[in-house]
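Enquirer:
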Amino acid sequence: MSTEYQILSRDQTKIHKLTEKCSLLSAGCRADMDALWKVLDAKMVMYKYSIGKEMASPAVAQLLSNTLYYKRFFPYYSFNVLAGLDENGKGAVYDYDAIGSMEKKEYSASGSGTSFVIPALDNLIGFKTRTEPKPIRSVDECIELVKDLFVSIGERDIYTGDAIEICAITSAGMKTEIFQLKRD
Amino acid sequence: KVLNVIFTVNLTHLKMIEDSAPLFIREQALNPKPQGGFNFENWHRNERLQNEFRAKGISSNLPKVMLTGTTICGCVYKDGVVLGADTRATGGSEVADKNCEKIGYIAPNIYCGGAGTAGDTFQMKKLVSSQLDLLRLSTGTQSRVVTANTILKQQLFKHQGHISAALIVGGVDCTGPHLYNIYPHGSSNKVPFCTMGSGSLAAISVMESTYKPDMTEEEAVEMAKEAILSGIFNDLGSGSNCDITIIRCSGEVTRTRGFEKPNDTKLLRDKIRHPKELVVPSGSTKVLESSFLKYIDVQDVTAPEPMMI
Chain X
86 MSTEYQILSR DQTKIHKLTE KCSLLSAGCR ADMDALWKVL DAKMVMYKYS IGKEMASPAV
146 AQLLSNTLYY KRFFPYYSFN VLAGLDENGK GAVYDYDAIG SMEKKEYSAS GSGTSFVIPA
206 LDNLIGFKTR TEPKPIRSVD ECIELVKDLF VSIGERDIYT GDAIEICAIT SAGMKTEIFQ
266 LKRD
Chain R
-8 KVLNVIFTVN LTHLKMIEDS APLFIREQAL NPKPQGGFNF ENWHRNERLQ NEFRAKGISS
52 NLPKVMLTGT TICGCVYKDG VVLGADTRAT GGSEVADKNC EKIGYIAPNI YCGGAGTAGD
112 TFQMKKLVSS QLDLLRLSTG TQSRVVTANT ILKQQLFKHQ GHISAALIVG GVDCTGPHLY
172 NIYPHGSSNK VPFCTMGSGS LAAISVMEST YKPDMTEEEA VEMAKEAILS GIFNDLGSGS
232 NCDITIIRCS GEVTRTRGFE KPNDTKLLRD KIRHPKELVV PSGSTKVLES SFLKYIDVQD
292 VTAPEPMMI
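If you read the protein sequences in the order shown, they are chains X and R. Residues in the first sequence are numbered consecutively from 86, following the numbering used here. Residues in the second sequence are numbered consecutively from -8, following the numbering used here.
#1: Please state the DSSP three-state secondary structure of residue 232 of chain R.
#2: Between residue 44 of chain R and residue 38 of chain R, what straight-line distance do the alpha-carbon atoms span, to the nearest angstrom?
#3: Could you compute how far the alpha carbon of residue 134 of chain R sits from the alpha carbon of residue 74 of chain R?
#4: Based on Cα-Cα distance, which residue from X/201, X/97, X/124, X/110 lies nearest to residue 253 of chain X?
#5: Give the residues of chain X in contact with residue 226 of chain R, contact being defined as C-beta atoms less than 7 Å apart.
#6: With H, G and I counted as helix, E and B as strand and the rest as coil, what does DSSP make of residue 3 of chain R?
#7: Determine the chain X residues that contact residue 264 of chain R at a beta-carbon separation under 7 Å, and present them in chain order.
#8: Which residue's Cα is closest to the Cα of residue 258 of chain R: X/175, X/236, X/187?
#9: Taking the straight line between their C-alpha atoms, what separation do you get for residue 116 of chain X and residue 163 of chain X?
#10: Mind pulling the beta strand (DSSP E) runs of 3 or more residues that sit fully within the region 213 to 294 of chain R?
#11: Let's see if you can read the secondary structure: which residues bound the beta strand (DSSP E) around residue 302 of chain R?
#12: Please classify residue 174 of chain X: does DSSP put it in a helix, a strand, or coil?
#13: Go ahead and label residue 258 of chain X buried or exposed: buried means 16 or more other beta carbons lie within 10 angstroms of its beta carbon, across all protein chains shown.
#14: Helix, strand or coil, according to DSSP, for residue 228 of chain X in the structure here?
#15: Around the Cβ of residue 159 of chain R, are there at least 16 other Cβ atoms within 10 angstroms (buried) or fewer (exposed)?
#16: Take residue 184 of chain R and list the residues in its own chain whose beta-carbon comes closer than 6 Å to its own, dropping the five residues that flank it on each side.
#17: Pop quiz: residue 170 of chain X and residue 205 of chain X are said to be a contact at Cβ under 8 Å. What is the actual Cβ separation, rounded to whole angstroms?
#18: Evaluate the contact criterion for the region 266 to 276 of chain R versus the region 231 to 246 of chain R: three or more CB pairs, one atom per stretch, below 8 Å.
#19: Within the 8 Å Cβ cut-off, does residue 38 of chain R reach chain X?
#20: Nearest by alpha-carbon distance to residue 245 of chain X: which of X/135, X/226, X/201 is it?
#21: Of the residues that make up the region 199 to 226 of chain R, which ones have a beta carbon closer than 7 Å to any beta carbon in chain X?
#22: Output the boundary residues of the alpha helix (DSSP H) element that contains residue 116 of chain X.
#23: What is the residue span of the alpha helix (DSSP H) that residue 199 of chain R lies within?
#24: Hey, is residue 248 of chain R's beta-carbon within less than 8 Å of any beta-carbon in chain X?
#25: What residue does the alpha helix (DSSP H) around residue 199 of chain X start on, and which one ends it?
#26: Report, in whole angstroms, the separation of the C-beta atoms of residue 225 of chain R and residue 251 of chain R, which I expect to be a contact under 8 Å.
#27: Using a Cβ-Cβ distance cut-off of 8 Å, determine whether residue 179 of chain R contacts chain X.
#28: Have a look at the DSSP bridge pairing and note the partners of residue 86 of chain R.
#29: Is it the case that the Cβ atoms of residue 214 of chain X and residue 293 of chain R are separated by a distance below 8 Å?
#30: For the region 105 to 125 of chain R against the region 142 to 152 of chain R, are there 3 or more C-beta pairs whose distance is under 8 Å?
#31: Listed from N- to C-terminal order along the chain, which residues in the region 230 to 253 of chain X have their beta-carbon within a distance smaller than 7 Å of any beta-carbon of chain R?
#32: Taking 6 Å as the limit between beta carbons, can you name the residues of its chain near residue 223 of chain R, skipping five residues before and five after?
#33: Relative to the alpha-carbon of residue 190 of chain X, which residue among X/197, X/184, X/178 has its alpha-carbon at the smallest distance?
#34: Does the region 213 to 223 of chain R touch the region 80 to 98 of chain R, meaning 3 or more C-beta pairs lie closer than 8 Å?
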C-alpha cells in the first residue's frame, strides 16, 4: 500500500474471502475497499440467515455489481475482480469497473500493473495469436505462472512488490500462499 | 503624380536580403537553421493545450518526461570523497531503466551525481565537463570542485528552475576534498555529506545517524552504501542496484557500477517452475499476409581503370 513515492505498508492484503468458494480482490482506495468489503459481508450474512444457505458465486457477482451501482454518483474508488467456483464447480472470474459494470471472463487484472500483465495473460492463458492448441493447466502450474508474472510486474511497476498473496480456489477448498517479491 | 501608399508591416522576423547577396546567405534567411540553446517557442502552446484539455476533461498526451526519481548521496571522508547512487529511472509510475548510471564524469578528479529529469542532469554534466576541459587547456592547471559548482549553479539559475536537475558534485583538488549540492533553482551548499532525490529523506536519516568527521574509506563507503540501500527499499522512485564512486586525495578514482546488487531477479525466478509455454515456438503466431518489395537494386560495378597521368 503506497502513496506517491512512499510505502505505507508492505503487508496489506487485497484479497477478501466472501464464501468458501468465492474471493474478492480489490485495488484502489483502501478506505473504499474496506467499506465495500464490510457492506458485502453484511449483505451476505443477511442472505445466509434469510435464505438458509451460502450465496452462490454468480449471485455474489450480481450483488457486488448492484452494490457498486448503488453508489453510482459517489462511487467506491475500488477496481474489483471476483474469483470463484460457480454452481457447476467450474472456475469463474468476474471483472468490475468502479461503478459495477460486470463481465464474466477467463482471466482478468486490475490495479497499477494492469497494462503490464494483461498482454502476458492474453498470450499465456488466452493463448491469443498462438496457433498451438490451448493447454489445460493444473492448479500448481497456474500458481507458478502467476508468481512469474508478478515478478515481471514488480520489475517495471513501482507500486507492485514486497509480496503476493495467491489464493487458489478448487473444489477441494481454498488454499492461500504468500510469495515474497523484491522489496525495492 | 503617383500616389505613394505606405504599408507598415511587421517584418522583424524577416531580414531584407538583397538579390545580389551570396546564395548561402539568401538560403539562411529562407530556411533559418535551429540555433543552439533552448527553444521556448512551444511553451505557450503547450500550456494552452494542457489548460484546454483539462477544461474539456480530455487526458493530455503530452510526452512524459523520464525522471531519475532517485537516491543519490555524497560524503567527505579523511582522504577523499565518496559518491553513491541507485540505478532506477522512472517515467511516471513505470520503471523506464532498471540499471541507469547516475554518477557522471566531470573531470579526472571531479564526479557528479544527478537527480531529477534524466535529460537535464545528463546535459548539465556534459556541459560543465566540456567547459572544465577547455578551462584546463587554457589555464594548464587541475580543475577545482568549486569551479564546477559555480558553473553549474550559474547555468541553473539562468534558467530559473526550468532545468530540473538536482546535483551532488564531489571531487578532490589541490585544496583538498570537497562536496557541493546544487538545487534546480541555482542554490548550492558546501557540505560534508548530503543526499538528493526522492529518496533523499530515507538516505539522510541513515547518514545523520552514522556520520562522523574524518572517517576512514571503509566507514565512508559503508555509510554511503547503507544510505542508498535505505533509499532503494523505502522510496518507490529508487531501486535496483547501488553504484559507488570513490575519489581519493591521492588522485586515484574507483568507480564501481553495481557495488551492491540486493535486487537480483535471478534468485527470485529460480524459485519458480516456469510453464513451458513461456518459450513461444517459431511459427506460433499466424502470418496473415506477407509482401516483398524490392528495396535496393544490387548491381555489380566494376572499379574504373585508374587514370593514367
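All residues carry an ideal CB built from backbone N, CA and C; glycine is no exception.
Expert: The relevant details are as follows:
#1: When DSSP states are grouped into helix, strand and coil, residue 232 of chain R belongs to the coil group.
#2: For residue 44 of chain R and residue 38 of chain R, the distance between alpha carbons rounds to 10 Å.
#3: In a straight line, the C-alpha of residue 134 of chain R is about 18 Å away from that of residue 74 of chain R.
#4: Among X/201, X/97, X/124, X/110, the Cα nearest to that of residue 253 of chain X belongs to X/110.
#5: The contacting residues are 90.
#6: Because residue 3 of chain R carries a pLDDT of 43, less than 50, the predicted location of this residue cannot be relied on, and no value is offered for it.
#7: In chain order: 229.
#8: When X/175, X/236, X/187 are compared, the shortest CA-CA separation from residue 258 of chain R is found for X/236.
#9: Going by the C-alpha atoms only, they are around 9 Å apart.
#10: Segments of the beta strand (DSSP E) lying fully in the region 213 to 294 of chain R: 233 to 239, 244 to 251.
#11: Look at the range of chain R in this structure, -8 to 300, and you will see that residue 302 of chain R is not part of it.
#12: Of the three classes helix, strand and coil, the one that applies to residue 174 of chain X here is coil, per DSSP.
#13: Around the Cβ of residue 258 of chain X, a 10 Å sphere holds fewer than 16 other Cβ atoms; the residue is exposed.
#14: Residue 228 of chain X: helix per DSSP, three-state reduction.
#15: Buried, by the Cβ-count rule.
#16: Apart from sequence neighbours up to five positions away, the residues of its chain that approach residue 184 of chain R with a beta-carbon distance below 6 Å are 66, 198, 202, ordered along the chain.
#17: Cβ-Cβ separation between residue 170 of chain X and residue 205 of chain X: approximately 25 Å, too far for a contact (criterion under 8 Å).
#18: Short answer: they don't touch.
#19: So, not an interface residue.
#20: Nearest in C-alpha terms to residue 245 of chain X, of all of X/135, X/226, X/201, is X/201.
#21: So the close ones are 223, 224, 225, 226.
#22: Taken as a continuous stretch (DSSP letters only), the alpha helix (DSSP H) holding residue 116 of chain X covers 115 to 136.
#23: Bounds of the alpha helix (DSSP H) holding residue 199 of chain R are 191 to 201.
#24: No, its Cβ sits nowhere closer than 8 Å to a Cβ of chain X.
#25: Going by DSSP, residue 199 of chain X is part of the alpha helix (DSSP H) stretching over 199 to 209.
#26: About 15 Å separates the two Cβ atoms, so there is no contact after all.
#27: Chain X, which has no Cβ nearer than 8 Å to the Cβ of residue 179 of chain R, makes this no.
#28: Partner residues in the beta bridge of residue 86 of chain R, as assigned by DSSP, are R/81.
#29: No. Outside cutoff.
#30: Contact holds: three or more Cβ-Cβ distances are below 8 Å.
#31: Against chain R - using a Cβ distance shorter than 7 Å - the residues of the region 230 to 253 of chain X are 230, 232, 233, 236, 240, 241, 242, 243, 244.
#32: Contacts found: 77, 229, 230.
#33: Looking at the Cα atoms, X/178 is the closest of the given residues.
#34: Result no; under three Cβ-Cβ pairs closer than 8 Å.
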